[in-house]
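Trainee: Submitted below is the structure of interest, expressed as structure tokens.
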Amino acid sequence: MNSGLPAGWTIERVRALSGDPSAVSLSSDRLVVLEVAGQDDYEPLRPDVILAFHELCLVRDDGEWFIGQLDDDGSVICWASYGSDLAEAINGL
7 MNSGLPAGWT IERVRALSGD PSAVSLSSDR LVVLEVAGQD DYEPLRPDVI LAFHELCLVR
67 DDGEWFIGQL DDDGSVICWA SYGSDLAEAI NGL
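Note that the numbering used here has the sequence shown beginning at 7, numbered continuously upward.
Below you can see the structure in the form of structure tokens.
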């Protein structure tokens with residue numbers, strides 16, 4: 007499923023660049039939040055793309071890629087932005 011990936015991207019390209027042959031695109035129908043330093047509450051994200059690399063995820067919200075962790079319940083807690091370039095975000099994994 008390549009739906010939602012930036013132009014020119016396929017899941018195969020994501021797998022090749024990340025070196026993770028099991029990388030997959032996940033449904034965005036799940037709780038995704040951003041941990042904000044110095045705040046007790048999480049900031050909710052509304053991703054249009056979630057890419058999973060085992061327990062790590064890249065989540066795109068409003069054109070920006072966030073790094074996060076997939077929890078056992080299927081939710082994702084993100085902790086940092088990797089900017090708008092998918093290749094740079096993958097290289098940061």
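All C-beta atoms, glycine included, are put in the ideal place defined by N, C-alpha and C.
Give the range of the beta strand (DSSP E) segment to which S101 is assigned.
Mentor: With the chain covering only 7 through 99, there is no way to say anything about residue 101.
Trainee: Straight-line CA distance for Y48 to G89?
Mentor: Your numbering for residue 48 matches position 42 in the sequence shown. Your numbering for residue 89 matches position 83 in the sequence shown. Answer to the nearest angstrom: the Cα atoms are 19 Å apart.
Trainee: Measure the alpha-carbon distance for R66 versus D78 and round it to whole angstroms.
Mentor: The sequence position of residue 66 within the sequence shown is 60, counting from 1. The sequence position of residue 78 within the sequence shown is 72, counting from 1. R66 and D78 have their C-alpha atoms some 20 Å from each other.
Trainee: Using a Cβ-Cβ cutoff of less than 6 Å, which residues in the same chain neighbour F72 once the five nearest sequence positions on both sides are dropped?
Mentor: Working through the sequence shown from its first residue, we reach residue 72 at position 66. V65, C84 and S87, listed in sequence order.
Trainee: Return helix, strand or coil for E94, following the three-state DSSP convention.
Mentor: Indexing the sequence shown from 1 puts residue 94 at position 88. E94 falls in the helix class under three-state DSSP.
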